[in-house]
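Residue 89 in numbering that gives the first Met the number 0 sits at position 90 of the sequence shown; the count goes up by one each step and never skips. Don't be surprised by glycine CBs; every beta carbon is placed ideally from N, CA and C. One structure is given here, and the rest of the page talks about it.
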Amino acid sequence: MNNLNTMKNARLISAILVLIGIFASGPIGSWIVQMINPEPQWVDAKTYIQNYTELQAMPFFFGFLLMLGFILFFASLPKPETDFEEINAKLIILFASLYTFMISLNYMIQIVLVPNMLENEKAIDLLATPNAKSLFWYIEMTGYGFLGLATWSSAYLFSKTKNEIIIRWLLIANGIISVLGAVLTFIFKGWVLTIPGLVSYVLWNILVMLVMIFVLVEYRAKKT
């Protein structure tokens with residue numbers, strides 16, 4: 000019983016961390032940075048360098064909080080009961096590890112490397128986030144594609160209650176959007192910052208928030 004409560008508590012904490020992380024590192028965090036220090040649309044590396052401030056790295060710090068929330072979420076998943084679920088549990092570890100490696104590397108590049116390479120226009124052109132064709136977006140979307148595979152695989156561990164069934168389908172939907180977004184990034188160069196790409200980004204955020212809200216609801220339902 001104590002072990003079960005520990006897992007439920009971990010799931011609750013993971014949901015809170017993800018929700019805080021997604022708000023602070025996602026649309027709201029980016030909006031705050033833009034309001035404090037407006038950043039022009041991408042023209043070239045020289046323009047980016049002239050307008051760069053270290054405040055632009057703020058959302059990436061909260062991105063690590065989002066990552067920590069997902070790691071805890073996967074670590075506290077319901078125990079697999081069938082061979083199929085056992086296979087999925089092992090795939091989750093693989094996909095989540097790839098996600099963690101790629102995204103943490105990508106964020107460290109933005110936090111540490113970019114501010115120290117502002118004199119190198121070619122490097123900035125390759126790494127700057129406003130450049131829709133930069134390496135950042137290929138790493139980012141691939142990493143979140145692996146996260147999508149992890150959430151997709153974890154979906155099949157939720158099936159016992161109405162809330163868990165809702166969580167299952169939300170996780171599957173999130174997985175599909177994540178994988179599709181990663182594939183489209185390589186097919187259509189610069190897709191991520193187009194209207195369809197931004198719509199996909201907003202939809203991804205909404206799905207993740209809904210997953211974590213239902214995780215909180217399910218935890219409270221079992222607690223009371």
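Drop a sphere of 10 angstroms on the beta-carbon of residue i, count the other beta-carbons inside from all chains shown, and report buried for 16 or more, exposed for fewer.
i	result
N173	buried
W151	buried
R219	exposed
M107	exposed
I92	exposed
E118	exposed
L104	exposed
V198	exposed
V111	exposed
L16	buried
F135	buried
E217	buried
F187	exposed
W203	buried
M40	In the sequence as presented, Met is not what sits at residue 40; that position holds Gln. Q40 is exposed by the Cβ-count criterion.
V207	buried
E139	buried
I194	exposed
I21	buried
Using a Cβ-Cβ cutoff of less than 6 angstroms, which residues in the same chain neighbour residue i once the five nearest sequence positions on both sides are dropped?
i	result
S24	P58, F61, G62 and L65
A88	P79
V113	L126
I165	F213
T52	N36
A122	M116
Y143	S177
Who are the Cβ neighbours of residue i in its own chain at under 7 angstroms, not counting the five residues just before and after it?
i	result
G189	A131 and K132
L224	Nothing can be reported for residue 224, as the shown portion of the chain is limited to 0 through 223.
K45	E120
M6	S75
G68	S13, L16, V17 and G20
In terms of residue numbering, what span does the alpha helix (DSSP H) encompassing residue i cover?
i	result
A44	A44 to N50
Y143	L134 to S153
I166	K161 to I186
S103	D82 to M107
L125	E120 to L126
Would you please state the rounded distance, in angstroms, between the beta carbons of residue i and residue j? I believe it to be under 8 angstroms.
i	j	result
R167	S177	The pair is not a contact, with the Cβ atoms about 16 angstroms apart (cut-off 8 angstroms).
I48	E120	7 angstroms
F72	R10	7 angstroms
F94	L156	Incorrect: roughly 14 angstroms between the Cβ atoms, too far for contact.
S75	S13	6 angstroms
M101	T141	6 angstroms
M211	L90	Not confirmed; about 21 angstroms, so no contact.
F233	Y98	Residue 233 lies beyond the range of the chain shown here (0 to 223); nothing can be said about it.
M179	L209	The question names Met, but residue 179 is Leu in the sequence shown. Incorrect: roughly 18 angstroms between the Cβ atoms, too far for contact.
I171	A154	5 angstroms
Spatial neighbours of residue i within its chain, please: CB distance less than 8 angstroms, with the 5 preceding and 5 following residues excluded, ordered by chain position.
i	result
L54	V32, I35 and N36
S29	P58
A56	Q109, I110, V113 and P114
Margin query: For a minimum of 4 consecutive residues, which ranges assigned as the alpha helix (DSSP H) are wholly contained in the segment 2-68?
Written below: 26-35 and 44-50
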